[in-house]
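Numbering-wise, UniProt numbering puts 219 at position 219 of the sequence shown, and it's gapless, one number per residue.
Structure first, then comments.
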Amino acid sequence: MVNPGGPLKTPPSTPLPPRSGSAAGEQTAPRSVAVRPGVSRRSSIPAFEVMRITDEIARRRAGGHDVVSLCAGEPSARAIPGTLKPAGYTGPLGTAPLREAVAGHYREWYDVEIDPATVAITTGSSGAFQLAFLAAFDPGDRVALASPGYPAYRNILTALGVHVVEIPTGPENRYQPTPALLDAAVAEHGDLAGLVIASPANPTGTMLDRAALTALVAWCSLRGVRLVSDEIYHGITFAGDGADHRGVTARELDAEAIVVNSFSKYWGMTGWRLGWAILPDALVGPFEALASNFALSPPAPAQELALSAFSPETYAERDAIVAGFARARQLILDAESSLGWGVAAPSDGAFYYYSELGPQLERFTDSVEYARRLLADADVAVVPGVDFDPVDGSRAVRLSYAAGEPAVAEALDRIIRFQG
Ligand SMILES: Cc1ncc(COP(=O)(O)O)c(C=O)c1O
Numbered sequence: 001m002v003n004p005g006g007p008l009k010t011p012p013s014t015p016l017p018p019r020s021g022s023a024a025g026e027q028t029a030p031r032s033v034a035v036r037p038g039v040s041r042r043s044s045i046p047a048f049e050v051m052r053i054t055d056e057i058a059r060r061r062a063g064g065h066d067v068v069s070l071c072a073g074e075p076s077a078r079a080i081p082g083t084l085k086p087a088g089y090t091g092p093l094g095t096a097p098l099r100e101a102v103a104g105h106y107r108e109w110y111d112v113e114i115d116p117a118t119v120a121i122t123t124g125s126s127g128a129f130q131l132a133f134l135a136a137f138d139p140g141d142r143v144a145l146a147s148p149g150y151p152a153y154r155n156i157l158t159a160l161g162v163h164v165v166e167i168p169t170g171p172e173n174r175y176q177p178t179p180a181l182l183d184a185a186v187a188e189h190g191d192l193a194g195l196v197i198a199s200p201a202n203p204t205g206t207m208l209d210r211a212a213l214t215a216l217v218a219w220c221s222l223r224g225v226r227l228v229s230d231e232i233y234h235g236i237t238f239a240g241d242g243a244d245h246r247g248v249t250a251r252e253l254d255a256e257a258i259v260v261n262s263f264s265k266y267w268g269m270t271g272w273r274l275g276w277a278i279l280p281d282a283l284v285g286p287f288e289a290l291a292s293n294f295a296l297s298p299p300a301p302a303q304e305l306a307l308s309a310f311s312p313e314t315y316a317e318r319d320a321i322v323a324g325f326a327r328a329r330q331l332i333l334d335a336e337s338s339l340g341w342g343v344a345a346p347s348d349g350a351f352y353y354y355s356e357l358g359p360q361l362e363r364f365t366d367s368v369e370y371a372r373r374l375l376a377d378a379d380v381a382v383v384p385g386v387d388f389d390p391v392d393g394s395r396a397v398r399l400s401y402a403a404g405e406p407a408v409a410e411a412l413d414r415i416i417r418f419q420g
């Protein structure tokens with residue numbers, strides 16, 4: 001049983017950087033971000049490197065460059081018919097039809113019964129993370145997450161005064177936390193209040209299979225650690241069509257887990273800003289109180305149109321898009337020896353390929369310089385790993401093959417020519 005208010009709570013520590021740069025602050029501040037008078041310590045988090053590169057791509061394109069971008073984790077936009085009309089607020093947890101439709105999706109994909117009253121519709125999964133972290137954790141709590149990992153978990157938690165415990169992962173554990181790694185983290189840092197996992201993960205694309213997820217659930221349940229499972233890339237998987245091929249939802253294994261998901265990736269609806277959380281019973285009220293103050297309600301027109309996401313036609317359309325991602329992924333796997341990079345994460349799902357640059361780094365200071373020169377000399381945008389792993393990410397890059405087969409083929413040609 002999760003016991004977030006119980007004895008496992010850790011005494012408040014000071015995870016935020018101080019207003020003036022002391023040694024303690026340097027230890028805990030993620031990368032170096034200046035702290036200024038009159039600006040809160042909690043806002044001293046790094047910006048998202050991908051978004052800076054996105055700006056640079058736009059500038060180059062405006063200047064006439066034919067830039068191929070393997071940068072954004074964003075499928076091409078899907079047109080959804082609809083008309084612009086005035087729309088009122090909905091309930092803070094979303095409309096009843098959409099909450100019921102999300103519950104229906106769990107029946108359809110996972111054969112799991114969800115009470116629609118525990119479904120919260122949010123402004124993207126990003127909105128769900130903010131509210132879930134606020135509802136579940138207090139300042140000074142410790143929450144663990146895998147490194148490399150999606151940077152917003154780390155940065156939102158830090159902004160909320162929660163102490164982030166990074167679990168270093170690698171090829172030996174498929175870049176995912178394990179009970180042994182969590183034991184080591186507790187021995188080093190103290191008890192945890194939460195664990196955030198993602199399967200498939202960003203930036204690696206690796207997945208937790210049923211056995212691995214069950215082991216993490218058991219570890220968390222035994223210690224009263226709240227599990228937060230990011231399932232945003234479910235459905236974008238390349239493991240065939242076995243029973244768990246969409247991904248295993250933590251909700252099936254743990255009624256105390258917070259499950260977060262979104263219309264952004266499988267459905268390609270990033271700009272609609274719609275996601276959801278499946279909440280344990282005890283968190284529905286707190287989450288609703290926070291949602292009603294922070295966002296009032298999720299966007300009404302987007303909720304209305306999102307109902308069509310769960311039709312058989314839409315599932316078929318999106319599965320065809322996923323088949324295209326699979327072909328683009330294969331192009332990269334086939335080019336591995338020509339690229340001549342180092343160790344790559346197994347790209348089980350999502351649309352990411354995360355690899356060390358290996359011998360290529362002999363010619364570049366780090367992956368930031370590699371990515372900068374690749375964009376400047378060959379007009380190919382990739383993301384250096386530093387966003388995802390402040391320690392070892394300077395040796396790795398992430399390619400997003402959401403751009404599709406032709407773009408990936410062109411980018412690979414250019415990369416191989418660039419590397420000479
Ligand atoms: C792992 C992961 N979680 C969450 C998000 C946030 O997506 P959104 O707010 O659009 O649902 C992203 C976006 O790239 C992501 O990669």
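Positions of the beta carbon are idealized from the N, C-alpha and C atoms, including for glycine.
Bear in mind the structure is a predicted one, so any value in this text is a computation, not a measurement.
- By the 16-neighbour rule on beta-carbons within 10 angstroms, P384 is buried.
- Counting C-beta pairs closer than 8 Å gives fewer than three between the region 312–328 and the region 165–174, which falls short of the contact rule.
- DSSP places N261 inside the beta strand (DSSP E), whose first and last residues are I258 to S262.
- Listed in chain order, the alpha helix (DSSP H) runs fully inside the region 247–311 are 250–253, 281–294 and 300–306, counting runs of at least 4 residues.
- Nearest to G393 by C-alpha distance, out of V380, D366, Y266 and V260, is D366.
- Judged by beta-carbon spacing, V380 lies beyond the 8 Å limit of V50, meaning their Cβ atoms are not closer than that value.
- Close to ligand 1, as judged by a C-beta nearer than 6 Å to any of its heavy atoms, are the residues G73, G124, S125, S126, Y150, A198, N202, D230, I232, S262, S264, T270 and G275, in chain order.
- Apart from sequence neighbours up to five positions away, the residues of its chain that approach V259 with a beta-carbon distance below 7 Å are S229, E231, T249, A250, R251, A277 and I278, ordered along the chain.
- For A396, the enclosing beta strand (DSSP E) has its first and last residue at A396 to S400.
- A direct Cα-to-Cα measurement between E369 and D209 gives close to 35 Å.
- By the C-beta criterion, the region 108–124 is judged not to be in contact with the region 211–221, since fewer than 3 inter-stretch pairs fall below 8 Å.
- In the three-state scheme derived from DSSP, where H, G and I count as helix and E and B as strand, V164 is classed as strand.
- The alpha carbon of T206 has as its nearest neighbour, out of Q176, E188, R223 and F388, the alpha carbon of Q176.
- Residue burial annotation: Y89 is exposed, with fewer than 16 other C-beta atoms found within 10 angstroms of its C-beta.
- In the three-state DSSP reduction, S69 falls in the strand class (E or B).
- The closest CA to that of G404, considering only A326, G190 and M269, is found on A326.
- For I415, the enclosing alpha helix (DSSP H) begins and ends at E405 to Q419.
- For E113, there is no enclosing alpha helix (DSSP H), since its DSSP letter is neither H nor E.
- With the rule of 3 Cβ pairs closer than 8 Å, the region 195–202 does not count as touching the region 297–312.
- Within the DSSP secondary-structure output, D230 pairs in a beta bridge with A198 and V260.
- By the criterion of a C-beta distance shorter than 8 Å, T95 is surrounded in its chain by I121, A300, Q303 and E304, once the five residues flanking it on both sides are discounted.
- For the 8 Å CB-CB criterion, D241 and T118 do not form a contact.
- Residue range P151 to A159 is occupied by the alpha helix (DSSP H) that includes I156.
- Distance from the CA atom of V225 to the CA atom of A58, rounded to whole angstroms, is 43 Å.
- One Cα belongs to T123, the other to A152, and the distance between them is close to 15 Å.
- Measuring C-alpha to C-alpha distances from A211 to each of P116, L253, G275 and Y150 identifies L253 as the nearest.
- Counted as a single uninterrupted DSSP element, the stretch harbouring R174 is not any beta strand (DSSP E), since DSSP gives it neither H nor E.
- The alpha-carbon separation between Y401 and V102 amounts to approximately 27 Å.
- Residue pairing by DSSP places A381 opposite S69 in a beta bridge.
- As the crow flies, the alpha-carbon of G64 is around 28 Å from that of L339.
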